[in-house]
Amino acid sequence: MTEQILALCRAMGAGREELLLPLAQTVKEQLAGRLKEGASPEDCGTAFPLAAAMLVMDQLSGVTGGEGAVTSFTAGDLTIRKEAGGGGAGRTLSAQAEGLLAPWLKDAGFVFRGVEG
-4 MTEQILALCR AMGAGREELL LPLAQTVKEQ LAGRLKEGAS PEDCGTAFPL AAAMLVMDQL
56 SGVTGGEGAV TSFTAGDLTI RKEAGGGGAG RTLSAQAEGL LAPWLKDAGF VFRGVEG
């Protein structure tokens, strides 16, 4: 499955090849540990490697400074800009990955169980 994650990262335009394998292995282990009791990465189908690749790309972006990449560059009549956020309605790749795997992940946040009244 690590190879699938790496292939997806490369398809998403990952740079820094030397960081991809350790990041992919770490993310894969962390995500597998967060799955609900009895669920395995294989049970998630293609969602698991895709979510893992998204997390790797988000991590890689943080390491390489992807958020602060080109915001404006002008040379003569040519102007290049890169807007912050990059789509996803303002959601980070990590948040999108969490949503993708939500059906298989353990509850991690606040859970309201009820109040005796």
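Residue numbers (my numbering): -4 to 112.
Don't be surprised by glycine CBs; every beta carbon is placed ideally from N, CA and C.
On a predicted model such as this, the values are computed, not experimentally measured, just so you know.
- Counted as a single uninterrupted DSSP element, the alpha helix (DSSP H) harbouring residue 89 occupies residues 88 to 96.
- Taking C-beta atoms under 8 Å as the contact rule, residue 48 and residue 3 qualify, at a distance of about 4 Å.
- Following the DSSP letters along the chain, one finds residue 15 inside the alpha helix (DSSP H) bounded by residues 12 to 28.
- Counting along the chain, no alpha helix (DSSP H) covers residue 41, and no H or E run does either.
- Beta bridge pairing from DSSP links residue -3 with no other residue.
- With contact defined as three or more Cβ pairs closer than 8 Å, the segment 39 to 47 and the segment 14 to 27 are in contact.
- Beta-carbon to beta-carbon, residue 53 and residue 100 are separated by about 16 Å, too far to satisfy the 8 Å threshold.
- By a beta-carbon distance limit of 8 Å, residue 17 does not contact residue 27. Their separation comes to about 16 Å.
- As the crow flies, the alpha-carbon of residue 33 is around 22 Å from that of residue 0.
- DSSP links residue 100 through a beta bridge to 30.
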